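Participant: Chains L, A, W and V supply the protein sequences, listed in that same order. Residues 0 to 251 (numbering that gives the first Met the number 0) are what the first sequence spells out, left to right. Residues 0 to 251 (numbering that gives the first Met the number 0) are what the second sequence spells out, left to right. Residues 0 to 251 (numbering that gives the first Met the number 0) are what the third sequence spells out, left to right. Residues 0 to 251 (numbering that gives the first Met the number 0) are what the fourth sequence spells out, left to right.
4 protein chains.
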Amino acid sequence: MFMNLKSVGIENLEYPIKVRRKDGGHQETVARVNLTAEMPNDYRGSCMAVFVGILNRFQDDISPGIFPELLAAVRTGLNAESARVEVSFPYFIEKPAPVTRTSGLMEYNCRFVGTSDRKNEFILSLWVPVTTLCPCSREISNAGAHNQRAMVNLNVKTRGLIWIEDMVAMIETCGSAPVYSLLKRPDEKFVTEQAYNNPVFVEDVVRQVAIKAGEREEITWFSVEAESFESIHNHNAYALVDSADLGGSTAG
Amino acid sequence: MFMNLKSVGIENLEYPIKVRRKDGGHQETVARVNLTAEMPNDYRGSCMAVFVGILNRFQDDISPGIFPELLAAVRTGLNAESARVEVSFPYFIEKPAPVTRTSGLMEYNCRFVGTSDRKNEFILSLWVPVTTLCPCSREISNAGAHNQRAMVNLNVKTRGLIWIEDMVAMIETCGSAPVYSLLKRPDEKFVTEQAYNNPVFVEDVVRQVAIKAGEREEITWFSVEAESFESIHNHNAYALVDSADLGGSTAG
Amino acid sequence: MFMNLKSVGIENLEYPIKVRRKDGGHQETVARVNLTAEMPNDYRGSCMAVFVGILNRFQDDISPGIFPELLAAVRTGLNAESARVEVSFPYFIEKPAPVTRTSGLMEYNCRFVGTSDRKNEFILSLWVPVTTLCPCSREISNAGAHNQRAMVNLNVKTRGLIWIEDMVAMIETCGSAPVYSLLKRPDEKFVTEQAYNNPVFVEDVVRQVAIKAGEREEITWFSVEAESFESIHNHNAYALVDSADLGGSTAG
Amino acid sequence: MFMNLKSVGIENLEYPIKVRRKDGGHQETVARVNLTAEMPNDYRGSCMAVFVGILNRFQDDISPGIFPELLAAVRTGLNAESARVEVSFPYFIEKPAPVTRTSGLMEYNCRFVGTSDRKNEFILSLWVPVTTLCPCSREISNAGAHNQRAMVNLNVKTRGLIWIEDMVAMIETCGSAPVYSLLKRPDEKFVTEQAYNNPVFVEDVVRQVAIKAGEREEITWFSVEAESFESIHNHNAYALVDSADLGGSTAG
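Structural data, given as structure tokens:
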């Protein structure tokens with residue numbers, strides 16, 4: 000029986016990396032890295048040192064732009080037909096509070112996934128927390144409305160470069176309100192009222208992100224999901240939409 | 000150099016158990032078990048089979064009451080000076096929605112910890128989700144108030160028996176509102192308004208639980224903490240109080 | 000712009016379930032459940048109570064065979080075009096030690112995933128721990144060989160019924176040695192030597208599972224991956240193969 | 000009823016920090032931070048902005064030496080009787096392979112915990128992976144011996160400064176062999192044989208670390224535990240010893 004190994008490699012390697020920032024320079028962070036290659040049937044043995052050696056060469060300048068070269072190094076190093084590299088890391092962006100402009104750092108989990116066989120592909124994934132305030136709860140209640148932290152996960156393929164900073168800013172407009180690391184009293188008043196005036200279900204959040212992603216020329220494919228950590232339940236509300244579902248969008 | 004091993008044992012053993020219910024009968028659930036014993040300096044080698052063998056004998060009837068016997072079996076089996084058994088498991092309680100009385104199952108994580116050296120000790124730990132609605136946000140905002148799921152963790156030592164069901168019911172009165180697995184529209188209206196009318200900080204939650212625990216004669220020691228998954232932040236608010244801090248309570 | 004919501008639903012609901020056993024009767028365990036449905040563009044609002052209500056009706060008899068009915072209930076309940084139900088749970092199997100035949104319970108994580116649109120599909124997923132002993136380390140060293148726990152994950156689609164018990168037994172022959180919950184000294188000697196005499200890389204493990212899965216008529220599709228928690232590294236070795244790669248297998 | 004809040008604060012704040020290295024300069028990494036303060040009975044409300052503001056001031060130069068000042072800032076900022084700061088982070092150390100000297104980065108999880116009430120206290124915690132090879136398995140088997148990754152956790156209080164680098168080096172001598180991120184074939188042969196020639200139970204590992212920690216004058220208190228991810232089981236072996244158990248050590 001013949002069969003190719005779809006992938007062989009290493010998982011869960013923690014490594015310090017430097018990620019390029021939109022404003023120039025690099026951000027030092029800590030990544031969890033998976034590196035795999037497609038290998039022929041008779042392949043056996045230790046590719047692990049090769050993978051770690053390659054990672055050593057690239058860790059100091061990680062950006063979407065370096066993936067073609069990184070993947071080529073994996074394919075050459077292992078004489079592999081295809082390769083896949085996943086780099087997941089927290090990325091920090093300075094964000095002023097909405098009223099007092101007091102600045103705090105917000106953490107966003109990101110993932111770069113590059114694959115290379117006949118062609119190169121690259122996916123940027125982002126996890127962005129927002130507040131969701133329930134439209135149903137608001138409508139039926141005499142006062143208040145349940146609200147909660149929700150996590151939005153956007154995955155995009157693009158033509159040309161795309162910045163984490165721009166995608167985060169786009170997503171943060173799609174919940175009931177953004178989430179901050181530091182809020183003073185006037186800020187807390189502002190975001191409470193902002194959320195109350197913008198009630199959304201998780202399905203509204205993903206639709207809104209989808210519309211905005213669909214308007215960006217550089218995005219050629221996307222999927223977006225949102226999970227809301229319901230304050231009235233011990234389980235979560237969930238919604239998903241992807242660009243394949245935009246088929247009829249030209250009629251919109 | 001002489002030194003006793005404070006503990007030797009096994010960790011993270013997953014095992015099915017049957018837990019006694021307040022209403023009679025047993026609930027079948029899945030536990031994560033740690034078993035350790037204090038051993039003399041020259042001890043080396045495999046106690047693991049002994050531990051698993053003892054667990055096999057007790058798994059079908061787990062309740063606070065069987066811990067003295069279970070711990071004695073560990074001490075005898077290993078000729079140990081002291082023993083410690085930790086059994087963590089999800090426990091389900093049927094809970095009607097507040098208005099429609101529609102019934103759903105709520106999951107509560109529990110832990111039984113028994114220790115035995117010169118005397119036996121037993122701690123019941125419970126994790127109970129509640130809603131917290133921020134008093135500050137409510138006060139300063141024209142409408143609405145941020146709220147979120149929070150997790151309350153109560154740990155108690157008692158004289159005599161205590162039931163998970165009673166501790167859960169006690170804790171669920173101490174947040175802005177309880178959390179449910181199934182709510183219809185009239186129920187959602189009810190809990191939204193209930194939370195809005197009972198704003199609490201995490202520090203209010205733990206104080207309230209502490210007062211109620213302090214009133215129960217059978218509770219001889221407790222600690223309680225609450226962690227609130229803030230809907231306006233990506234980090235959590237936290238508070239802790241324990242019965243040692245009740246020293247001056249007789250003057251209250 | 001028109002777009003369907005690919006899925007809307009609930010995630011991370013913990014619920015007690017009863018799973019049918021091969022030997023008759025049921026095993027009570029605790030599941031983490033995700034239920035989602037594909038909904039039209041204009042859909043908004045609370046499907047959560049519907050989902051939990053349906054789960055209440057089916058929780059007492061979970062097996063691959065009930066998924067068509069469960070999925071139909073979700074589609075009808077929400078007037079949805081398609082539905083997806085994921086039920087993940089630990090499942091326990093009694094397993095005698097290889098020499099002394101002392102019996103202990105082994106835990107295997109399982110997942111049932113059913114989807115329904117024009118047709119019904121069902122995937123059984125299993126996570127089975129095994130020992131892997133490194134062939135390279137054995138060959139180059141004067142004595143010993145590094146070995147470790149590895150996790151094998153098999154996913155299968157089948158025609159007709161398939162039992163967890165049979166898949167576990169099949170996978171456990173494909174590592175260097177099986178893993179047990181309870182081993183006495185003669186058993187430990189046996190598995191140590193068995194592992195030393197059966198060195199395997201993770202790529203050998205997945206190939207071996209693939210060959211055995213390919214021989215079973217009832218399996219129409221599979222993928223298998225293995226992750227080895229290397230004892231000489233702080234990261235893991237990984238391999239994946241799926242039945243799509245068996246294209247040329249008739250020539251084998 | 001009077002009661003002080005033992006602690007109020009924030010948990011799970013992710014923040015980028017710079018940690019001082021032994022060889023000079025700083026390492027940029029990502030921390031998970033908990034900050035709490037002991038507050039009087041009547042305390043209610045939002046300390047969260049104060050905590051984040053203080054963290055902003057200190058994040059660029061984190062070392063054990065700055066904790067007194069950081070804790071004083073928390074106490075002053077909140078007018079608190081006591082304060083506690085926990086900073087957990089991965090720390091990377093370059094480590095050459097034992098034979099070829101090829102260099103790779105190893106990740107060690109670390110935690111700094113500072114508390115301040117009448118006096119300041121500081122605990123350094125480290126998690127260091129090692130290989131453990133089972134003495135029993137080796138003795139009873141004709142060839143080979145089961146071995147696995149184990150995690151050693153050391154917690155120390157010191158007089159004067161202590162470096163992560165020194166504690167890691169000390170712990171890595173106490174297993175059957177150290178763990179590396181990059182090993183070539185001659186290195187793999189070396190560590191396989193090294194482990195086979197140094198069989199240890201987890202209880203041997205913690206005793207060995209305890210002896211070495213006890214010999215260091217600057218260490219005034221410690222506890223050490225080890226958890227071994229047994230390759231023949233799906234659960235773990237565990238041992239713990241602390242310096243309190245060294246009472247009779249002068250007679251040793």
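Where is the CB? At the ideal position from N, CA and C, for every residue including glycine. Every value quoted in this text rests on a predicted model; they were computed, and no experiment measured them.
In whole angstroms, give me the CA-to-CA distance for L/R19 and L/I163.
Facilitator: 10 Å
Participant: Mind listing the chain C neighbours of W/R43? Cutoff is C-beta to C-beta under 8 Å, in chain order.
Facilitator: In the structure shown, chain C cannot be found, because the protein chains are L, A, W and V.
Participant: Just confirm the distance between the C-beta atoms of A/V29 and A/E10, as a whole number of angstroms; I'd bet it's less than 8 Å.
Facilitator: Wrong, their Cβ atoms sit about 16 Å apart, outside the cutoff.
Participant: List the residues that DSSP assigns as beta-bridge partners of V/K17.
Facilitator: According to DSSP, which records beta bridges pairwise, V/K17 is partnered with V/E27.
Participant: What are the boundary residues of the beta strand (DSSP E) that includes A/E202?
Facilitator: In this chain, A/E202 is not harboured by any beta strand (DSSP E); it is covered by the alpha helix (DSSP H) spanning V201 to G213.
Participant: Using a Cβ cut-off of 9 Å, pull out every chain A residue sitting near L/Y179, in sequence order please.
Facilitator: Neighbourhood of L/Y179 in chain A, by CB distance below 9 Å: I231, H232 and N233, in chain order.
Participant: Within the chosen definition, does the region 43 to 55 of chain W reach the region 96 to 116 of chain W through at least 3 CB pairs nearer than 8 Å?
Facilitator: Because the criterion of three Cβ pairs below 8 Å is not met, the region 43 to 55 of chain W and the region 96 to 116 of chain W do not touch.
Participant: Using a beta-carbon distance below 8 Å, is L/I92 in contact with chain W?
Facilitator: no
Participant: At the 8 Å Cβ level, is W/T35 part of the contact set with chain L, yes or no?
Facilitator: yes
Participant: Note down the Cα distance separating W/R31 from W/Q58, rounded to an integer number of angstroms.
Facilitator: 12 Å
Participant: Assuming W/G212 contacts W/L153 under a Cβ cut-off of 8 Å, what Cβ separation, rounded to an integer in Å, is found between them?
Facilitator: At residue 212 of chain W the sequence reads Ala, which differs from the Gly that was named. Correct: roughly 7 Å between the Cβ atoms.
Participant: For A/C133 and L/L69, what's the separation of their Cα atoms in angstroms?
Facilitator: Cα to Cα, A/C133 sits roughly 49 Å from L/L69.
Participant: Check V/A238 in the structure and name its three-state DSSP category.
Facilitator: strand
Participant: What does the Cβ neighbour count give for W/D172, buried or exposed, with the cut at 16 atoms within 10 Å?
Facilitator: In the sequence on display, residue 172 of chain W carries Thr and not Asp. So W/T172 ends up on the exposed side.
Participant: Taking W/V127 as the reference, which of W/E214, W/G24, W/P177 and W/A243 has the closest Cα?
Facilitator: W/P177
Participant: Check whether the Cβ atoms of W/V73 and W/L123 lie closer than 8 Å to each other.
Facilitator: no
Participant: Could you give the C-beta distance for A/P198 and A/S175, rounded to a whole number, given that I count them as a contact under 8 Å?
Facilitator: 6 Å
Participant: Along the chain, where does the beta strand (DSSP E) containing L/A149 start, and where does it finish?
Facilitator: N146 to T157
Participant: Roughly how many whole angstroms lie between the Cα atoms of L/M169 and L/L125?
Facilitator: 11 Å
Participant: I want to verify the contact list: residues of chain W whose CB lies under 8 Å from the CB of V/L258, in sequence order.
Facilitator: One cannot answer for residue 258 of chain V here, as it falls past the ends of chain V, which runs 0 to 251.
Participant: Is it true that the CB of L/S6 sits closer than 8 Å to the CB of W/L239?
Facilitator: yes
Participant: What does the alpha-carbon distance come out to for the pair L/G143 and W/G52?
Facilitator: 27 Å
Participant: Kindly indicate which residue of L/V205, L/D41, L/Y90 and L/Q207 has the alpha-carbon position closest to the one of W/R206.
Facilitator: L/D41
Participant: Specify the secondary structure class of W/E120 as computed by DSSP and reduced to three states.
Facilitator: strand
Participant: Between W/K94, W/Q147 and W/V155, which has its C-alpha nearest W/V223's C-alpha?
Facilitator: W/V155
Participant: In the DSSP assignment, the alpha helix (DSSP H) including L/L69 goes from what residue to what residue?
Facilitator: F66 to L77 is the extent of the alpha helix (DSSP H) around L/L69.
Participant: With distances taken between CB atoms, is the gap from W/E226 to W/M166 smaller than 8 Å?
Facilitator: Result no, Cβ atoms of W/E226 and W/M166 do not sit closer than 8 Å.
Participant: On the CB-based measure, 16 or more other CB atoms within 10 Å of its CB, does A/N235 come out buried or exposed?
Facilitator: buried
Participant: So, helix, strand or coil for A/T191, using DSSP?
Facilitator: helix
Participant: Smallest Cα separation from V/L182: which of V/L104, V/D241 and V/G24?
Facilitator: Comparing Cα positions, the closest option is V/L104.
Participant: On the CB-based measure, 16 or more other CB atoms within 10 Å of its CB, does V/R83 come out buried or exposed?
Facilitator: buried
Participant: Kindly indicate the opening and closing residues of the beta strand (DSSP E) around V/E217.
Facilitator: Taken as a continuous stretch (DSSP letters only), V/E217 belongs to no beta strand (DSSP E), as it is neither H nor E.
Participant: Report all residues from its chain with a CB closer than 8 Å to the CB of V/P67; omit the five preceding and five following residues, and keep chain order.
Facilitator: G113, S115 and N119
Participant: Would you grab the beta carbon distance between V/K21 and W/S140 for me? Rounded to a whole angstrom, and I think it's under 8 Å.
Facilitator: Not confirmed; about 34 Å, so no contact.
Participant: With distance defined between alpha-carbon atoms, name the residue in A/L54, A/P39, A/A79 and A/P185 nearest to L/C135.
Facilitator: A/P185
Participant: Just to confirm the assignment, what range does the beta strand (DSSP E) spanning W/A243 have?
Facilitator: Counting along the chain, W/A243 falls outside any beta strand (DSSP E), and DSSP gives it neither H nor E.
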